[in-house]
Each structure stands twice: as C-alpha cells, then as structure tokens.
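Read through the structure below, which is laid out as structure tokens, and then see the notes.
There are 2 protein chains.
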Amino acid sequence: MIIILAMLKLTSHRETILKFINASNAHWDAEELARALSDSGKTIGIATVYRGLAALDEAGLIASVQLGDRKRYECADKKHHDHLVCTECGAIEEFVQAKIEQLQEQVAKENGFEITGHQLLIFGLCRGCRNA
Amino acid sequence: MIIILAMLKLTSHRETILKFINASNAHWDAEELARALSDSGKTIGIATVYRGLAALDEAGLIASVQLGDRKRYECADKKHHDHLVCTECGAIEEFVQAKIEQLQEQVAKENGFEITGHQLLIFGLCRGCRNA
DNA sequence: ATGATAATGATAATGATTATCATTCTTGCC
DNA sequence: GGCAAGAATGATAATCATTATCATTATCAT
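The listed protein sequences derive, respectively, from chains A and B. Position 127, counted from 1, in the first sequence is what my numbering calls 109; the numbers after and before it change by one each time, with no gaps. Position 119, counted from 1, in the second sequence is what my numbering calls 101; the numbers after and before it change by one each time, with no gaps.
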C-alpha cells in the first residue's frame, strides 16, 4: 500500500473526492459525484472528477463496480463485499458471503487462473419493489 | 418460453444473427458480430445488429454478459454458467459452480431480494498469460 | 525561488449505442 | 393472392458518458 501511495499525487481535488466518498455509504457515478460536490460548495470540473476517480481507484483508495455501461465508486475502507442490485429502483445493497469467495478461488484454480479480482452482481427486486 | 417467442418477430435478419451466434462458442460484441456476418456474406446494418441482439436477448434466445462498458452476447442454449476473464489477453472462459448458485439464492433471500438474474465475473490471468 | 512534471478546467473529440425517417418486410385476415 | 397494420431495416444523425487537448495552474524536490 505504501508503494501505491507513492505513485499517486494526492492533490487537493483528489483529496476532496476521497473524503467525500469516504464520508458516504453510497455508490457514486462521476456525474452524481460532481453534482453532489458542487452542491456542497466544492465544485470540481467534470473532467477532473473522472480523472480523480480513475486515479484513486487505480491506487486502491476507492473501490469501483461496473453496473451496466457505467462505473460506480465507493469507499474502499470496507471489507470486501458484493452487490445486490434492484432492477426496478436501482437500489444497491451489499453482502458478504465468505463461502462464495472461497469457491471462486477454487474455480479459478481449477481453470488455471490467477485471480486478480471478481465482481458478483445479483439482480432482482428489492424488498420495497417486491411489494409494489 | 412459448410466451416469449410469441412476442418476438423472427425476421430473417434476426434469424441470421441467432444462427450465427448459436453456431459459435464465442462471446460477441455488436461490432465484432456485424463484421463477422459481413465477412461471411451476410451484411446487416449496424443499427439492426444492435437492435437484433437486444431483441433476441430480451426474448431469451441469446444470452448476454456485461464486460466493462460493453455487452457481449453468446448462445443461450447452454446450461447457465459464469465467466473467467483474462485481464491480459481478454480471453473469456466459462465455469459452472452449482454451490455458488445456491449460495446466491440464499444471500438474496436473506436480504429480501427476489432474484431475476446474476452476473459473476472472475478476473485474472489465464493459463497462457501467467506463463508469459 | 526554480524547474520539471503533473493536474486542472473548459470544451472539443471519441466511440458505442440509439433515434429518426423513408422504405421494406412480416403477419394475420379475407 | 391481396391488403392493411404494425414492426423491422439501413443509413446516418443524435446522444451521452467519457477522454483528449491545450493553455494555465499546482505540486514537489532541490
């Protein structure tokens, strides 16, 4: 981790983005984040938001998940988890299932893969939308 | 499935796309498919390829997987499976792990979700790229 | 303070995808 | 087979998230 930090310039803009994300439990896409920052008096250019997110993600300081054709970013301080996505309202919930993680390692091994990461999305209707 | 078929017009273009995909084990994005069709003497307009893929996918006649910001399409005749993706060469391999499927159902239930689908991608280096 | 390098912001450019529209095709009915 | 309604097609314009460009500014080590 020290090595990664040494490779990233933590400019004030990037620090603003990092703090904002770390202070929240949500999954942000670039545009949403830019708007939220602006609403809280911290306007950062949209290009810079994209670049900042990419740099922080690359450095491992935030985490990302690809949902559809867009990436969403979240706090990296959490224990690894995966996502339940409501196809109706877009709600994103998190879950941890150690056994699944384990089985993934096994699958990779069986297929001669050296895992660098994974992404598990479970799509469906959340509690709220089921009753609608 | 009968219901789904009744909702899709199986035009000659869509049939061409369906047959092409079913005759292959690969994961196609729209542009690749359009080019391959054209190379085999069956030119279909790019807009029509996109629309055809979307319609066939919606009808359940082909399957899709979101990789990065693009969707890829494959034969739907297979037993459900998930994917190992090599981050180096882009190779896509398939795997089936019944226990993971089961645990996903459990996770969903525990979170009050009614599953409609899921997507599991394991990223890493394939056998070939590990030894490079 | 200086210099080298990287970041910023506004905006043009990019590229996958979708909308538009005139034309063609499909399907059910007679 | 003909007809009508509705959907599909293809070329291309439009869309939109994202990235490139470029002049300017900021960062960081010396």
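Quick reminder that beta carbons are idealized off the backbone N, C-alpha and C, glycines included.
C-beta neighbour in chain A for B:A(-12), strict 9 Å | Unreliable positioning characterises B:A(-12) in this predicted model, as indicated by a pLDDT of 41, which lies under 50. The coordinate reading is nonetheless provided below. So, not an interface residue.
Using 8 Å as the Cβ pair cut-off and three pairs as the minimum, do the stretch 67 to 77 of chain B and the stretch 75 to 84 of chain A touch?
-> Between the stretch 67 to 77 of chain B and the stretch 75 to 84 of chain A there are fewer than three inter-stretch CB-CB distances shorter than 8 Å, so the stretches are not counted as touching.
With B:T(-7) and B:I26 assumed to form a contact (beta carbons below 8 Å), what rounded beta-carbon distance in angstroms separates them?
-> Their Cβ separation, rounded to whole angstroms, is 10 Å, which puts B:T(-7) and B:I26 out of contact at 8 Å.
Would you identify the three-state DSSP class for B:E76, choosing helix, strand or coil?
-> The DSSP-derived three-state label of B:E76 is strand.
Counted within 10 angstroms of its Cβ, other Cβ atoms place B:V78 as buried (16 or more) or exposed | exposed
Taking B:K53 as part of the beta strand (DSSP E), name the residues at either end of that continuous run.
-> 52 to 57
Tell me the start and end of each unbroken alpha helix (DSSP H) in the stretch 79 to 105 of chain A that is at least 4 residues and wholly inside, in chain order.
-> 80 to 92
9 Å Cβ cutoff met for B:A41 and B:V31 | no
Using a Cβ-Cβ cut-off of less than 9 Å, list which residues of the stretch 94 to 109 of chain A approach chain B; keep chain order.
-> Close to chain B, meaning a Cβ-Cβ distance shorter than 9 Å, are the following residues of the stretch 94 to 109 of chain A: G94, F95, E96, I97, T98, G99, H100, Q101, L102, L103, I104, F105, G106, L107, C108, R109.
Between which two residues does the alpha helix (DSSP H) carrying A:I28 extend?
-> 28 to 40
9 Å Cβ cutoff met for B:H63 and B:L103 | no
Residue range of the beta strand (DSSP E) that A:A12 falls in?
-> Premise fails: A:A12 lies in the alpha helix (DSSP H), 12 to 21, not in any beta strand (DSSP E).
A:H(-5) and A:Y55: beta carbons closer than 9 Å?
-> no
B:H(-5): first and last residue of the uninterrupted alpha helix (DSSP H) it sits in = Per DSSP, B:H(-5) belongs to the alpha helix (DSSP H) from -6 to 4.
Whose C-beta lies closer than 8 Å to the C-beta of B:A18 among residues of the same chain, with five residues either side of it excluded?
-> F2, W10
Just tell me which of B:D51, B:V67, B:S46, B:G50 has its CA closest to the CA of B:C57.
-> B:S46
Any chain A beta carbon closer than 9 Å to B:V89 = yes
So is A:A114 buried or exposed if we call it buried at 16+ other beta carbons inside 10 Å?
-> Exposed.
Pull up the distance between the alpha-carbon of A:D39 and that of A:R33, whole angstroms please.
-> 10 Å
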